[in-house]
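Peer 1: Okay, so the sequence shown: first residue is 1411 according to this note's numbering, each after it adds one.
This is the structure I have questions about; it appears just below.
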Amino acid sequence: MFSFALGTGTQNSKGEWLEVFFPTPLLSPAAALGKETRQALGAADDARVIPFQSAQCKELAAALRGAGHDDQAQLAESLAAATRPLVAVILDEDSAPESAPEAYLKLQLISHRLVKPHGTRLDGIFAVLKNIAWTNEGPIDVEELAARRLQARLEGRALDVESVDKFPKMTDYVMPSGVRIGNALRVRLGAYLGEGTTVMHEGFCNFNAGTEGPGMVEGRISAGVFVGANSDLGAGCSTMGTLSGGGNIVISFGENCLIGANAGCGIPLGDRCTIEAGLYITAGTKVTVIDNEGNEANTVSARELAGHSDLLFIRHSVTGRVECRTNKTAIALNEALHAHN
């Protein structure tokens, strides 16, 4: 079995799932767990998403405890007090999500650090997620927002819309250990933040992307991008994700890399690479390679340098050409800056 989870969520007036919170999702549990859950809830043998009632929690907990799944049994018992819809999601294999509960389970697996970016299939996820108004009264289907706003006003309340998006902020579902986040709205559910990561107020991390940690994020980590340990994304810098022009190229950075302020990168980098402030490297950027003796070697497209380590990308201040030199100094992050204990 690929994954299993019990959770509670929100539905719109049509009974369609908007979102689901899974307190303790499991990766690669015993296949018997899915079988026992399906039997206890009276579901088909291949059911993936199983809505259930609080009255069924006692029977479900007994079945799980009898099979030795005490942690999940305790969770089932706690769900008996729910006043919101309940659901079990059982994924026998890692297939593309076909419903919002499946998508939310996969996103939470990543943010819980159980799966790294690109470690689970997310193709088609936008089609199964509804556009949601995230408010002080919980998630609301954007198509029902006007009616809910009027209802709140008539009852003397102000409905505060924090954002309108298919993805919520990560911290409403998962708070990874050992990280700092300046503005929680700028880290989407499905982000992977490794231990020791700091995301400053203008930093951003999309879903299915993140950092190995430790590291400093003052720039933007686009969907699909993964940043190695001890790397630094300078203020205002950009990374080119597969959703924004990167095609099928997976952009990743190795360890001890530095992307300077307002710089950008559209190719994978190895370890100990630096891009100077303000310089954007795309796959087609023409780069003059300078050898260790300072001599011009050749001029290539940046894609030919993808994945190599110890590279320093700069723009010549007189000629304006982009150059690549051997990076002779590793970027050392301030250990105190990334302390998280």
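All C-beta atoms in this analysis are idealised placements derived from N, C-alpha and C, irrespective of residue type, glycine included.
Considering only their Cβ atoms, is the gap separating Gly1625 from Val1637 smaller than 8 Å?
Peer 2: Yes, the pair counts as a contact, with Cβ atoms nearer than the cut-off.
Peer 1: I believe Leu1496 touches Thr1434 by the beta-carbon criterion, under 8 Å. Please report the beta-carbon distance rounded to the nearest angstrom.
Peer 2: The Cβ separation is near 14 Å, so there is no contact.
Peer 1: Helix, strand or coil, according to DSSP, for Ile1520 in the structure here?
Peer 2: Looking at Ile1520 - three-state DSSP - the assignment turns out to be helix.
Peer 1: I'd like to confirm the pairing. Which residues does DSSP put opposite Ala1415 in its beta bridges?
Peer 2: Paired residue(s): Val1499.
Peer 1: To which residues of the same chain is Ser1505 closer than 7 Å at the C-beta, ignoring the five residues directly before and after it?
Peer 2: Closer than 7 Å at the Cβ level, and outside the excluded window around Ser1505, lie Arg1531.
Peer 1: Can you name the residues that DSSP bridges to Thr1545?
Peer 2: According to DSSP, which records beta bridges pairwise, Thr1545 is partnered with Gly1548, Val1571.
Peer 1: Thinking C-beta only, is Glu1503 closer than 8 Å to Phe1614?
Peer 2: Not in contact: Phe1614 and Glu1503 (Cβ atoms no closer than 8 Å).
Peer 1: Going by Cα to Cα distance, which pick from Asp1455, His1522, Thr1420 is closest to Ala1442?
Peer 2: Checked all of Asp1455, His1522, Thr1420; the closest Cα to Ala1442 is Asp1455.
Peer 1: Using 8 Å as the cut-off, can you tell me whether the stretch 1675 to 1688 makes contact with the stretch 1659 to 1667, which would need three or more C-beta pairs spanning the two stretches below that distance?
Peer 2: Touching, yes.
Peer 1: Work out the CA separation of Leu1560 and Glu1605 for me, nearest whole Å.
Peer 2: Those two C-alpha atoms are separated by around 43 Å.
Peer 1: If I measure Cβ to Cβ from Gly1655 and keep anything under 7 Å in the same chain, skipping five residues before and after, which residues do I get?
Peer 2: Because the pLDDT of Gly1655 is 49, which lies under 50, any placement of that residue in the model is unreliable, and the number read from its coordinates should be weighed accordingly. Within the same chain, Gly1655 has no close Cβ partners at all.
Peer 1: So within the stretch 1425 to 1459, which uninterrupted beta strand (DSSP E) runs reach at least 3 residues, ignoring any that extend past its ends?
Peer 2: 1427 to 1431, all fully within the stretch 1425 to 1459.
Peer 1: Determine the closest residue to Val1710 out of Gly1688, Cys1734, Asp1720, with distance taken between C-alpha atoms.
Peer 2: Of the candidates Gly1688, Cys1734, Asp1720, the one whose C-alpha sits nearest the C-alpha of Val1710 is Cys1734.
Peer 1: Would you say Met1580 and Val1597 are within 8 Å of each other, going by their C-beta atoms?
Peer 2: Yes, they are a contact pair.
Peer 1: Counting only the same chain and skipping the five closest in sequence on each side, list residues whose C-beta sits under 6 Å from that of Ser1509.
Peer 2: Correct list, in chain order: Val1459, Val1538.
Peer 1: What does a CB cutoff of less than 8 Å around Ala1477 pick up in its chain, not counting 5 residues either side in sequence?
Peer 2: Counting only Cβ-Cβ distances below 8 Å, and skipping sequence neighbours, we find Ala1442, Leu1443, Glu1446.
Peer 1: If you draw a straight line from the C-alpha of Leu1774 to the C-alpha of Ser1573, how long is it?
Peer 2: Residue 1774 is absent from the structure shown; the chain starts at 1411 and stops at 1751.
Peer 1: Specify the secondary structure class of Met1626 as computed by DSSP and reduced to three states.
Peer 2: Note: Met1626 maps to strand in three-state DSSP.
Peer 1: Please determine if the stretch 1701 to 1709 and the stretch 1718 to 1728 are in contact, where contact requires at least 3 C-beta pairs separated by less than 8 Å.
Peer 2: Result no; under three Cβ-Cβ pairs closer than 8 Å.
Peer 1: Give me, in chain order, the residues of the same chain whose beta-carbon lies closer than 6 Å to that of Ala1740; leave out the 5 immediate sequence neighbours on both sides.
Peer 2: Confidence at Ala1740 is low in this model, with a pLDDT of 45, below 50, so its placement is unreliable and no value can be given for it.
Peer 1: Could you spell out the range, first to last residue, of the beta strand (DSSP E) harbouring Arg1682?
Peer 2: No beta strand (DSSP E) contains Arg1682, which DSSP labels as neither H nor E.
Peer 1: Under 7 Å Cβ to Cβ from Val1552, same chain only, skipping five residues before and after it: list those, please.
Peer 2: Only Asn1541, Ile1542, Ala1543, Val1574 meet the Cβ criterion.
Peer 1: Tell me whether His1726 is buried or exposed, calling it buried when 16 or more other Cβ atoms sit within 10 Å of its Cβ.
Peer 2: That one is exposed.
Peer 1: In this structure, how does DSSP classify Arg1407 when only helix, strand and coil are distinguished?
Peer 2: Because the chain is modelled from 1411 through 1751, residue 1407 falls outside the range shown and cannot be assessed.
Peer 1: Taking 6 Å as the limit between beta carbons, can you name the residues of its chain near Leu1489, skipping five residues before and five after?
Peer 2: Once the five neighbours on either side are set aside, the close Cβ partners of Leu1489 are Cys1467, Leu1496.
Peer 1: Helix, strand or coil: how does DSSP classify Gly1655 here?
Peer 2: Because the pLDDT of Gly1655 is 49, which lies under 50, any placement of that residue in the model is unreliable, and the number read from its coordinates should be weighed accordingly. DSSP places Gly1655 in coil when its eight states are reduced to three.
Peer 1: Pull up the CB-CB distance for Gly1674 and Ile1691, whole angstroms please, since I reckon it's below 8 Å.
Peer 2: That belief holds up - the Cβ atoms of Gly1674 and Ile1691 are roughly 7 Å apart, short of 8 Å.
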